[in-house]
Every structure is written in C-alpha cells, then in structure tokens.
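To start, the structure under review is shown below, and the notes come after it.
Number of protein chains: 2
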Amino acid sequence: MASPSTTTRVSRRKHRGVPIPATRYDQRLAKILSYATEVFCDKGYEGASMRDLSRASGMSLAGLYYYFESKERLLYLIQKHTFTTIVARLKARLEGVDNGEERIRIFILNHLEYFLANQAAMKVLSHEDEVLKNGFGSEVAALKREYYRICVGLLDHLKRQRSLQFTTRLAVLSLFGMMNWIYTWHNPRVDADAASIAREMGDVFLRGVICGAKARKS
Amino acid sequence: MASPSTTTRVSRRKHRGVPIPATRYDQRLAKILSYATEVFCDKGYEGASMRDLSRASGMSLAGLYYYFESKERLLYLIQKHTFTTIVARLKARLEGVDNGEERIRIFILNHLEYFLANQAAMKVLSHEDEVLKNGFGSEVAALKREYYRICVGLLDHLKRQRSLQFTTRLAVLSLFGMMNWIYTWHNPRVDADAASIAREMGDVFLRGVICGAKARKS
DNA sequence: GAGTTATTCGAACGTTCGTTAGAATTTATT
DNA sequence: AATAAATTCTAACGAACGTTCGAATAACTC
Chain V
0 MASPSTTTRV SRRKHRGVPI PATRYDQRLA KILSYATEVF CDKGYEGASM RDLSRASGMS
60 LAGLYYYFES KERLLYLIQK HTFTTIVARL KARLEGVDNG EERIRIFILN HLEYFLANQA
120 AMKVLSHEDE VLKNGFGSEV AALKREYYRI CVGLLDHLKR QRSLQFTTRL AVLSLFGMMN
180 WIYTWHNPRV DADAASIARE MGDVFLRGVI CGAKARKS
Chain S
0 MASPSTTTRV SRRKHRGVPI PATRYDQRLA KILSYATEVF CDKGYEGASM RDLSRASGMS
60 LAGLYYYFES KERLLYLIQK HTFTTIVARL KARLEGVDNG EERIRIFILN HLEYFLANQA
120 AMKVLSHEDE VLKNGFGSEV AALKREYYRI CVGLLDHLKR QRSLQFTTRL AVLSLFGMMN
180 WIYTWHNPRV DADAASIARE MGDVFLRGVI CGAKARKS
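From first to last, the protein sequence lines stand for chains V and S. Sequence positions in the first sequence follow numbering that gives the first Met the number 0 and run 0 to 217. Sequence positions in the second sequence follow numbering that gives the first Met the number 0 and run 0 to 217.
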C-alpha cells in the first residue's frame, strides 16, 4: 500500500535463492531516470516540467510519482548515480598505475570518456549544480568534493615528485574547466572522439604544468 | 502613450542642443538590468520570477514592464550589453600590441578581469546560454561567435608564427573552459585577483600550447 | 479464479507563473 | 496653475506548475 518512493527500495527479490540484481521496479525507475536526464539536459532542470517528462517517458503524470516523491529527488538520483559511477570507474582504472603523469592522463581520459558517452547526464551534473537544496544538495556536494580531492591528490603528487611550481587549486579547477566546458561545444560530427581529445587536452595541460621554462617574457 | 519598451528608445534628449548621454529612462533601465542580473545569477533565468525581480528592485511587478516587453528580452539585454562591452574593451586593449603571445595574455586578462568584476553578469552569460530563442538568441550567438573568432585569430597567428602543432578549435575551447568555469568556484576571500589568475592560467595554457617537447611518454 | 499486491491512471488541488488593462500618480512643459 | 506626457501602481487574467487522491488496471500468489 505504502508508496515505494518514500523509502529506498530493495533491489533484490525477497526469497527464492538467487539474487536477481534488477527488479522490475528498478528497471522501470532506471528507464525513467534516463528519460529525465534527457529532458533536464534539453530544457534545464527548472525549465523542464513533469509534464515534459510524462510526455517523453510515455507514462502518466501521476504514474511517475510512484517511483519518486518529487522532481528534486529525481535530479538528486540522476546526479548521485552519475557521480558514483564516474568515481568508481576512475578508482578501478587508477589501480596499479604508479606513474604520476600517467595517472593524470587516466583521470582526464576517464572523465572525458564518461562525459561524451553520457553527455546528457554530465551536462545535467555540470549545469544543474546549485539547484539541489539541503540534504539532497549536500550529499551530491560530498561526492563532488571527493572527486575533486582525488584530482588534487594526483596533481600534488606530481608536483612534489618533480618539484614543480603551480597553485594546485588553480590547476585542478582549470583542468575541470577545460574538461567540463565540453558540454557547451562538443559536436560528434565535427570533433574527435574522447581518446583524441583526452590526449590533446592532456598534452596542453601537462606541458603547461610541467614545462620548466617559463613561457613569460621578462 | 505608447509603451517605450516596444521600440528601441533613443538615448538622447530630443531638442535643446547638447546631447545628454543618459536619459532618466536609460538610467532607470540600467538599474533594473543590474538588479535582474543579480536575480538571474542567484536563481537562474528559469528559476527567477518577475516577482523576485520586483522585490529586488523595489518596483511593482507591472511597473517593470514599462521598461521591457518580456522576461526573455530582459535576458537578451543583459547578455547583449555584457558581450558588447567585453568585446569593445578587448579590441581597445589589443590595439597597437603586435607580439602574438602578449596578445593572448591580453585576451586572457581582459576576459578574467571583466569576469571577476562582473561575475553575476558573466555567470548569466555563461550559464544561460541556450535559453534565448529565435531572434534574441541568434543576435547574442553572433556576438559570441565574433568573440570566439577573435580568439581563434590570436591562436592561429601564434601557431603560424612559431610553427606549432595543435588543434586550434580544441585549444580555444579549452581556454574558454578554463576561464569560464571560474564562475563555479571563484571565491574572492580565498582566490587571487584577476591579474594573478590570468598570469597563472596564461602560463599553463601558453606553455601547454607552445612547449615543443612532447610531455607524453614514448 | 479468487484474493492480494503492485502499478498506472484521469482528474483535480492549490500555487505560482508571465503578462496586461486601466486607473492613479509623478514629472515636465507652458 | 493648467495641461500634457511619462511613469508607476493595484488587481486581475489565463496558463502552467508540482503534487495528490482515489479509482482502475495489471501482475502475482495460492
């Protein structure tokens, strides 16, 4: 009787041994989240209406609320899932790689690959950054901070290892800017794929940070 | 009798010789635009209501419409003014400077100085990029393209002059990313001023683009 | 196939939205 | 002071918003 959207749903069947990872409910919710990502991406969170999502997903307006309790929670679910996934992938890829420069290249490649493969979700993540309030917002903010700190760690390591001189915070945020801005311009029919872009952005950024010779005149 | 907001208002008194640059109307409109910039910056264009602006500006809801015909035109006016100003300043500053690297440094400094001095306006420009439709949108888009092309010109010149190898489009958009992303993180109590940031971002970017030695391994 | 639970729906709720009509008021001109 | 013009207001319009209620349907259990 109670709506499942009020509490976190269990994602495994109750009895009958074998745990099936995705219940019907979870699959349906995931589908809705993917439609919602598209809609939020196109019209922005505030600009998109629940009726837009209803139209896009083919489900009635009221029917949607069986799966989540509010539009805000919908955005939260999208952002949390996206961030969690990208952080998890990054950690897996970094495992076993020691070289400082290579680790930064992996960071860039992971970010851009995921960004371009899930452009809509990443745009929603980048663009709708400040709209979540209170509890929702702080949880996503914590994920973001963790991701940010990983990058700071990578750069600080390189900096110490090679006695470089740059402001870590500025370097990290510049790198994020380079990468995240991509959602405003990337056109798959014109621009290269993630690997190429990652390589060239990595070149520019790493040379810029490493190159000993000052590029300034006098 | 006719509302002045439907046509572009003349900004000079009609008779009595001396042209006074700012009429009462223009001053009032400018004031409203500045309040609107603040409100759009805080809550986003879609998230901000005309009632928010009414509250912020101290003018009645209907009173606002004496100065512009729609919320969309309000955003258009803000974006157009901001872009026009930053392009004009840039052109003035580039005048007489020949050195290719110095010209790019001027571009970066001009951008960041204006960005940090008018953070709200620039956030509205960066963040509310795709919301203007049809006529409004295309005019602002043309301004943006001009600004973009200037930067392409600067980088292409440097590239030819020094026989460098990079994708101009990617380099320009990376630079814009580095600079524009600043609206998501800059905190005047923590971060340096525009000149310092421009210098360090310029260092990273120019070294990255100029440095002959590949930073890649193997 | 009856009974129970899970899912979906049409219809509406109350609120807020952008915008406007028309009256009231202030300001400028004689 | 009288007149005209410019500016601002109160009050409302219809539309769209996020959300909810309770009934209707579908899926599953026995």
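Each residue gets a CB set at the ideal place from its N, CA and C atoms; glycine is no exception. The model shown is predicted, which means the values in this text are computed figures rather than measured ones.
Chain S residues whose Cβ lies nearer than 9 Å to that of residue i
i: CYS150/V; result: Here the premise fails: no neighbours, minimum Cβ distance about 13 Å.
i: ASP192/V; result: In chain order: nothing, as chain S lies at least about 12 Å away.
Contact list for residue i against chain V, beta-carbon separation under 9 Å
i: ARG102/S; result: Result: empty, since nearest Cβ-Cβ is about 12 Å, beyond 9 Å.
i: VAL96/S; result: The contacting residues do not exist; VAL96/S stays about 12 Å from chain V at best.
Contact under 7 Å by Cβ, residue i with residue j
i: LEU153/S; j: ILE107/S; result: no
i: LYS122/V; j: TYR44/V; result: no
i: GLY207/S; j: VAL189/V; result: no
i: LEU226/V; j: ALA193/V; result: Residue 226/V lies beyond the stretch modelled for chain V, which goes from 0 to 217, so this question has no answer here.
i: LEU60/V; j: SER69/V; result: no
i: GLY176/V; j: GLY95/S; result: no
i: PHE39/V; j: ALA29/V; result: no
i: CYS150/S; j: CYS210/V; result: no
i: GLU37/S; j: ALA119/S; result: yes
Proximal chain V residues relative to residue i, where beta-carbon distance stays under 8 Å
i: ASP128/S; result: THR183
Alpha-carbon to alpha-carbon, residue j and residue i
i: HIS185/V; j: ALA55/S; result: 37 Å
i: MET49/S; j: ALA35/S; result: 9 Å
i: LYS13/V; j: THR22/V; result: Residue placement at LYS13/V is poorly supported in this model, since its pLDDT is 37, which falls under 50; the coordinates still yield a value, given next. Approximately 10 Å between the Cα atoms of the pair.
i: SER125/S; j: ARG148/V; result: 25 Å
i: HIS156/V; j: MET178/V; result: 21 Å
i: GLN160/V; j: TYR146/V; result: 22 Å
i: GLY16/S; j: ASP25/S; result: With a pLDDT of 35 at GLY16/S, under the threshold of 50, the modelled position of this residue cannot be trusted; read the value that follows with caution. Taking the straight line from one Cα to the other gives about 19 Å.
i: LEU205/V; j: GLU100/S; result: 19 Å
i: LYS90/V; j: LYS79/S; result: 44 Å
i: ALA170/S; j: GLY57/S; result: 45 Å
i: PHE114/S; j: TRP180/S; result: 11 Å
i: LYS143/V; j: ASN98/S; result: 40 Å
i: GLU71/S; j: LEU131/S; result: 7 Å
i: GLU127/V; j: ASP41/V; result: 12 Å
i: GLY134/V; j: PRO187/V; result: 36 Å
i: SER195/V; j: ILE105/V; result: 13 Å
i: LYS158/V; j: ARG27/S; result: 52 Å
i: SER173/V; j: SER173/S; result: 9 Å
i: GLU129/V; j: SER162/S; result: 43 Å
i: SER10/V; j: ALA191/V; result: Because the pLDDT of SER10/V is 41, which lies under 50, any placement of that residue in the model is unreliable, and the number read from its coordinates should be weighed accordingly. Rounded to the nearest angstrom, the two C-alpha atoms are 38 Å apart.
i: SER33/S; j: THR81/S; result: 11 Å
i: ASN109/V; j: ASP51/V; result: 32 Å
i: ILE218/V; j: ILE31/S; result: In the structure as shown, chain V starts at 0 and stops at 217, and residue 218/V therefore has no counterpart that could be examined.
Proximal residues of chain V, C-beta to C-beta of residue i below 7 Å
i: MET177/S; result: SER173, GLY176 and MET177
i: MET58/S; result: Ordered by position in chain V, no residue passes the 7 Å Cβ test against MET58/S, which lies about 24 Å from the chain.
i: CYS210/S; result: ARG206 and CYS210
i: GLY43/S; result: GLU45
i: ILE196/S; result: LEU169
i: PHE39/S; result: Within 7 Å Cβ-Cβ: nothing; PHE39/S doesn't reach chain V, min ~12 Å.
i: PHE220/S; result: Examination of residue 220/S is not possible in this model, given that chain S is present from 0 through 217 alone.
i: ASP155/S; result: The premise fails here: ASP155/S is roughly 16 Å from chain V at the closest Cβ pair, so nothing lies under 7 Å.
i: THR166/S; result: GLU199
i: ASP51/S; result: Ordered by position in chain V, no residue passes the 7 Å Cβ test against ASP51/S, which lies about 13 Å from the chain.
i: ASP25/S; result: The contacting residues do not exist; ASP25/S stays about 31 Å from chain V at best.
Span of the alpha helix (DSSP H) around residue i
i: ILE149/V; result: 133-161
i: ALA47/S; result: Counting along the chain, ALA47/S falls outside any alpha helix (DSSP H), and DSSP gives it neither H nor E.
i: ARG206/S; result: 193-209
i: GLY125/V; result: The sequence given here has Ser at residue 125/V, not Gly. Where SER125/V is concerned, the enclosing alpha helix (DSSP H) stretches over 118-126.
i: GLU71/S; result: 70-93
i: SER173/S; result: 167-179
i: GLY62/S; result: 60-63
Chain S contact residues for residue i, given Cβ-Cβ distances below 8 Å
i: VAL230/V; result: Because chain V here runs from 0 to 217, residue 230/V falls outside it and cannot be looked at.
i: VAL123/V; result: Near VAL123/V there are no residues of chain S at all, since even the closest Cβ is about 13 Å away, more than 8 Å.
Could you check whether the segment 68-82 of chain V touches the segment 133-149 of chain V, counting it as contact only if at least three pairs of C-beta atoms, one from each stretch, sit closer than 8 Å? The segment 133-149 of chain V and the segment 68-82 of chain V touch, with three or more beta-carbon pairs separated by less than 8 Å.
Mind the definition here: the segment 164-178 of chain S touches the segment 190-207 of chain V only if three or more C-beta pairs lie below 8 Å; say whether that holds. Touching, yes, given that three or more Cβ pairs across the two stretches are closer than 8 Å.
Touch check for the segment 79-86 of chain S and the segment 61-69 of chain S: three-plus C-beta pairs under 8 Å? With a cut-off of 8 Å on Cβ pairs, the segment 79-86 of chain S is not in contact with the segment 61-69 of chain S, counting fewer than three such pairs.
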